[in-house]
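Protein chains in written order, with the UniProt record's numbering: chain A, 1 to 318; chain B, 1 to 381.
Structure record follows, encoded as structure tokens.
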Amino acid sequence: MTVVLLGPQRRPSLHGLVTSMGWEGPFATITAGWQERELADAELDEHLGGRSHNLSLWHRMQQVFEADPQYAAAHRQRRADLLEMQDLYVHGLRHTMAALIELNDRTEGSITLRHMAIDDAIAIMRGLDSQHMRRVAEVQQAFYDAYPPHERESVQGHRAEVARILADCSAVVITGGHVVELLDALHLFNVAPAGVEQRPVVAWSAGAMVLTSHVVLFGDHAVRGPGCPEVFDRGLGLLPGIVALPSASQRLELHDRFRMSVLSRRFAPDLSLPLDPGTRIVCERGKPLAAGIRLIGADGTVTTGGEDGAQAGDQPPA
Amino acid sequence: MARKLAINRLRDRRPLDEAAIDRFIARETIPIVEGERCTFCFRGEADEVWVRHRVVGIPDPVPMRRLPGLSLWYAVLDLPAGSRVEYQIETRRGEHYERFNDPLNDKVAHSPVGSSSVCHATGYLTPDWTQPDPDARPGELHDLVLPSRALRRETLTRVYLPARFRQTRRYPLLVVHDGDDYLRFAAMQTVLDNLIHRLDLAETVVAFTNPADRLVEYPHHAGHARFIVSELVPHLEQTLPLMGTPSGRCLMGASFGAVASLTTAYRNPRTFSSLVLQSGSFVFTDIGEDHGGGEAFDPVVKFMNRYRARPTRVTDRMFMSCGVYEPLITANRSMVPVFEQTGMHVRYVEARDGHSWEDWRDRLRDGLSWIFPGPQKFVYE
């Protein structure tokens, strides 16, 4: 099944893509990341030739919260717990990153020993990432065990309706926006097994991130200064083996080879893919990525790859 | 070879007459900023003219020199890059002294005690997020009149609700001292709208409180602390969808307002997880009682001396800022290690600015986005 990752659509290339792929629609659109503006999708619909059906996942989610206060409170509590866990995990990451930078800045002593220490610190980061993902999965599992969405009356009707719309569509488009809201909505209405998995998908920005196995948050230009990329949660897993980095040129200090090298090595064997404006990566699930895609290499430079066996869909997670 | 200053080129001009000065004034932006040298000018009849300011390190007043036989007075000051200086002109005509804003400079800053002219030295730029942005959806301000038993008076608080406020969400709460001054002189509503719009600041409910007499209520006043902790915050948490936990509460203030924030947190540890303290009037003495701040500072000094003798952890995170040109810079710098040694996480920033509302305005993004970070890292458009 084809999955296409695009760069941010400020200068939309969507229309050209669907035309060149020969996709005629109708298209199911997921704009939940836009939150309140979810249904302000006239322009998107235009690029899809007026053949789109918005699944309205964010608005459905709000309706669930209103109709089911118990579920809403539990959802809020889970989200607060996860954000607190994220803060604590980031605290550890930040210190490890500071140690890495300190090690890299050292000018005296053996280079070999220094590189070993850097490798060790990256291993610590990978350990923090894995442990965090395990804990997040536990919280999620506990929540779904306690509040199985498919048993909630407030959710059942929406799930059926979403599945019905998906069944009538031949492809799915997922836009960017708030990645947490988008993920929550996708999970709540179970859209992957409900039809997204079986259809071609086009996605960009947050939409591209949620298709991967692990959603990685990043941003070097926040007011608070360069952050450290952080794993957040599991994605839909349609494109394992990829770290999606939308607007990388804008959000990352791509010129900082050391930081980029740490990013690439930390998430290896997953491929760190910058998804800048103009990017179009066409993937066939389970098959190698096409040659010539841009990725951040282990040496911290943006290079091209994809032909030497790099695949989307068959790498084990970091 | 460096180019001569504009004022010196004028002095070299022949003939140098009032018409030449007319052209000079029309051509130049006063004060004239040439690298780190700033030329202040005044035109008019007087016996003496000075630049008056409150920059620590530069003598005050700064006498202006007159172009012989002409109506133009000038003084050149070295102001490092990034400086922002508030000043006025003072003249003496016989026994008559007069102070006023620079008639040749349109840039004016306002404060509760009046207005001043402003010199933007080289490299200073008014942050764009302090200016109205038509794309930023405005929040709403609501007046809250609350009778206070603790203060024995009626209190007025302006409550800011962010755009897209929803009852189904949970918001952090920021309590601001000298609220109306922050709104009027530090453009804080605009700043909040912009920072939230730009995802730098979490959607936050802000309570802008106002004192009756700040010199009485702000320096370690039991009634004030009780009002904030036992009356205002509970009322807000009952009537608005707030997080209602220490991590969702922050106290903020400038000058005496910073003292009020610190002392309220001191009296109620573990109630507020963060503080924003701008140019805190943290005056103390190491020996004796001669602090030079006047009677109003007595309770402040008493508190600070006691706190310095036995520092305690009053919050988790503390954002401090101070202008390097204000007299309080030494006190603020001195307090950073004292606060840090209690285990509080302190973020301290300085600016080439003074004890002014625009300085505090310009530091709001650093402070607020650190205390309640916006969802920037979650949004990928």
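Positions of the beta carbon are idealized from the N, C-alpha and C atoms, including for glycine.
Where T96 (chain A) is concerned, the enclosing alpha helix (DSSP H) starts and stops at 69 to 105.
In this structure D200 (chain B) is buried. Its beta-carbon is surrounded by 16 or more other beta-carbon atoms within 10 angstroms. For H178 (chain A), a Cβ of chain B is located within less than 8 Å of the residue's own Cβ.
Looking from the CA of L186 (chain A), the closest CA among A:A163, A:P200, A:G7, A:S170 belongs to A:A163. Under the DSSP assignment, F208 (chain B) falls in the beta strand (DSSP E) whose first and last residues are 205 to 208.
Listed in chain order, the alpha helix (DSSP H) runs fully inside the region 133 to 200 of chain A are 153 to 167, 179 to 188, counting runs of at least 4 residues.
Ranking B:D362, B:E295, B:G179, B:V55 by CA distance to the CA of V216 (chain B) puts B:E295 first. The bridge partners DSSP lists for E98 (chain B) are B:T91. Not a single CB atom of chain A sits nearer than 8 Å to the CB of V191 (chain B).
Beta-bridge pairing by DSSP links N54 (chain A) to A:T29. When secondary structure is reduced to three states using DSSP, D180 (chain B) falls in the helix class. Contact annotation: the region 31 to 51 of chain B touches the region 62 to 80 of chain B, with at least three C-beta pairs closer than 8 Å. Scanning the region 235 to 277 of chain B for uninterrupted alpha helix (DSSP H) segments of 4 residues or longer gives 256 to 267, listed from N- to C-terminal end. One alpha carbon belongs to R92 (chain B), the other to I21 (chain B), and they sit about 22 Å apart. For V231 (chain A), the beta-bridge partners assigned by DSSP are A:V216. Here the C-alpha atom of L271 (chain A) lies approximately 27 Å from the C-alpha atom of H15 (chain A). With at least 16 other beta carbons inside 10 angstroms of its own, T29 (chain A) counts as buried.
Closer than 8 Å to the CB of V379 (chain B) there is at least one CB belonging to chain A.
Apart from sequence neighbours up to five positions away, the residues of its chain that approach M125 (chain A) with a beta-carbon distance below 6 Å are T96, R266, ordered along the chain. With fewer than 16 neighbouring CB atoms inside 10 Å of its own CB, M116 (chain A) falls in the exposed class. Per the coordinates, the alpha-carbon of V33 (chain B) lies some 16 Å from the alpha-carbon of R352 (chain B). Between P274 (chain A) and L245 (chain A), the C-beta gap is smaller than 8 Å, which places the two residues in contact. Note that the region 164 to 180 of chain A touches the region 204 to 223 of chain A; at least 3 beta-carbon pairs, one per stretch, sit closer than 8 Å. Identification of residues in the region 119 to 136 of chain A having a C-beta nearer than 8 Å to some C-beta of chain B yields an empty set. CA-to-CA, the gap between T204 (chain B) and G179 (chain B) works out to about 15 Å. Excluding sequence positions up to five before and after L128 (chain A), its CB lies within less than 8 Å of the CB of Y89, G92, L93, T96, all in the same chain and listed in chain order.
Contact between L156 (chain B) and G139 (chain B) is ruled out by a C-beta separation of about 18 Å, above the 8 Å threshold. In the structure shown, F339 (chain B) adopts helical secondary structure according to DSSP, grouped into three states. Per the coordinates, the alpha-carbon of P127 (chain B) lies some 12 Å from the alpha-carbon of D366 (chain B). Excluding residues up to 5 positions away in sequence, Y325, P327 lie with their Cβ nearer than 6 Å to the Cβ of V56 (chain B) in the same chain.
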